[in-house]
Amino acid sequence: MTYASETRTDTVTTQRLLETAEMGLLRRITGDTLRDQREVKILEENVTCSV
């Protein structure tokens with residue numbers, strides 16, 4: 203998500219956009235929708251990454 207933006211400073215707007223995109227990806231992975239009103243902690247607990 204941060205490709206070619208390592209040298210750019212984060213503004214409030216870009217930080218909010220990245221957080222929104224991350225939440226969208228987490229919701230898509232877990233199968234939740236905006237109407238489910240899940241907290242970030244719950245979504246992150248449901249997603250496990252084995253690297």
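Numbering (this note's numbering), first residue to last: 203 to 253. Just so it is clear, CB atoms sit at the ideal spot from N, CA and C, and this is done for glycine as well. On a predicted model such as this, the values are computed, not experimentally measured, just so you know.
{"Query": "Span of the alpha helix (DSSP H) holding Leu219?", "Result": "214–232"}
{"Query": "Quick one: what does DSSP say Arg240 is sitting in, helix, strand or coil?", "Result": "coil"}
{"Query": "When DSSP labels each residue in this structure, what does Glu208 get in the three-state scheme?", "Result": "coil"}
{"Query": "Taking 8 angstroms as the threshold (C-beta atoms), are Leu219 and Leu245 in contact?", "Result": "no"}
{"Query": "Leaving out five residues on either side along the sequence, give the residues of the same chain with a beta carbon under 8 angstroms from the beta carbon of Val253.", "Result": "Low per-residue confidence applies at Val253: pLDDT is 48, beneath 50, and the placement is therefore not dependable, though the value from the model is reported in the following sentence. Same-chain partners within the cutoff: there are none."}
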